[in-house]
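Okay, structure first, notes after.
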Amino acid sequence: MSVKPVKRWLSFVQEHATIYDDDLVPGSKILAIGDAEQSHVNVAHPEEVFYEYLSRIANHLRVLRSSDRPLRMLHLGAGALTLARWASAVYPASTHVAVDIERELLDFVLTQLPLPTNCKLTPLVADARSVLAEELAEEKFDVIILDIFSGPEAPEHLTTPEYYAELKNSLTTDGLLFVNVGDDPPLRFTKTQVAAAQSAFDFVMLSSTPEMFTQRYPGNLILTASNQRISEELIQQCQAAGPYPAETRAGLDLDRFSKP
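Per the numbering used here, residue 64 is the first one in the sequence shown, and the count goes up by one each step.
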């Protein structure tokens with residue numbers, strides 16, 4: 064039996080956040096802000112990630128980091144904390160910091176969708192850039208996930224080369240940055256983010272479905288950046304990990320795609 068949706072007013076965006084049952088996936092919940100779905104959580108099985116772009120991040124991380132050691136993870140843009148929940152199952156004993164500028168959202172999500180008991184998470188209400196220089200100035204993370212913006216309407220201060228340099232400085236030596244980039248044809252915003260990341264990081268990879276690389280469709284692409292180069296073998300493993308169909312571009316292939 065479905066449970067009645069619950070709502071909370073968000074003062075920053077001036078819209079309601081709503082959590083309701085996903086009738087297609089038993090035991091799952093959807094978080095929407097306004098009329099737009101934002102997050103999906105399988106409460107019964109947090110190791111299962113439903114949204115394609117989040118699944119792509121999760122699969123990349125499993126390829127690039129062994130699950131035999133816990134991770135220190137920073138989530139910029141909290142949503143329903145889907146990947147923090149997932150990591151509590153896949154990378155036990157990991158610790159998390161979740162940052163969101165929506166003061167009411169974190170409390171709403173944590174109240175209505177409690178975290179697994181083994182998920183060690185610190186919530187922070189802050190701007191995703193200023194938090195790196197203020198509350199988290201002394202912190203280093205193994206993984207940073209930036210999941211805030213979509214297309215050219217993204218907050219400008221979160222899209223600059225300087226911001227990517229600050230993200231790099233908040234990572235450990237072998238740390239990984241994942242950025243969810245939503246965009247529309249001809250993917251001009253994606254190309255600016257690739258260039259910004261390349262200005263700061265030694266390695267940048269872009270992943271999505273093959274149709275997204277035709278630059279004729281709207282959708283999500285995952286930007287992966289690292290302070291250390293990732294081998295061609297691991298790049299291919301990331302592509303093979305799915306979800307399918309999948310395509311990854313790095314090096315010269317990414318340079319050719321990113322040309323104006």
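Note that CB positions come from ideal geometry on N, CA and C, so glycine has one too.
- In the three-state scheme derived from DSSP, where H, G and I count as helix and E and B as strand, proline 89 is classed as coil.
- Pairing arginine 125 with valine 153 gives a Cβ-Cβ distance under 8 Å.
- When Asn283, Pro179, Ser233 are compared, the shortest CA-CA separation from glutamine 256 is found for Asn283.
- Contact annotation: the segment 106 to 113 does not touch the segment 66 to 81, with fewer than three C-beta pairs closer than 8 Å.
- Closest option to phenylalanine 113, judged by alpha-carbon separation, among Pro133, His123, Val88: Val88.
- Check the Cα spacing between histidine 220 and each of Arg192, Asp246, Thr236: the tightest is with Arg192.
- DSSP, read as helix, strand or coil, puts arginine 251 in helix.
- Per DSSP, the beta-bridge partners of glycine 282 are Asp246.
- Here asparagine 243 is buried, its C-beta having at least 16 other C-beta atoms within 10 Å.
- Sequence-distant Cβ neighbours of glutamate 167 in its own chain, meaning closer than 6 Å and more than five residues away, are Arg71, Leu73.
- For tryptophan 149, the CB contacts under 7 Å within the same chain, skipping 5 residues up- and downstream, are Pro109, Glu110, Val112, Ala121 in chain order.
- Residues Pro248 of the same chain have their beta carbon placed closer than 7 Å to that of arginine 279, with the five preceding and five following residues left out of the count.
- For the options Asp318, Phe320, Gln300, Pro323, the alpha carbon positioned closest to that of arginine 128 is the one of Gln300.
- Looking at the backbone, the Cα of serine 321 and that of aspartate 86 are separated by about 39 Å.
- Taking the C-beta atoms as reference points, lysine 183 is found nearer than 8 Å to threonine 158.
- In this structure, valine 206 lies near methionine 136, with their beta-carbon atoms less than 8 Å apart.
- Within the segment 101 to 125, no beta strand (DSSP E) run of at least 3 residues lies entirely inside it.
- Where lysine 231 is concerned, the enclosing alpha helix (DSSP H) starts and stops at 224 to 232.
- Beta bridge pairing from DSSP links phenylalanine 266 with Ser289.
- Taking C-beta separations shorter than 6 Å and ignoring five residues to either side along the sequence, the partners of phenylalanine 75 in its chain run Ile164, Glu165, following chain order.
- In the structure shown, glutamate 274 adopts helical secondary structure according to DSSP, grouped into three states.
- Between isoleucine 298 and threonine 311, the gap from beta carbon to beta carbon is short of 8 Å.
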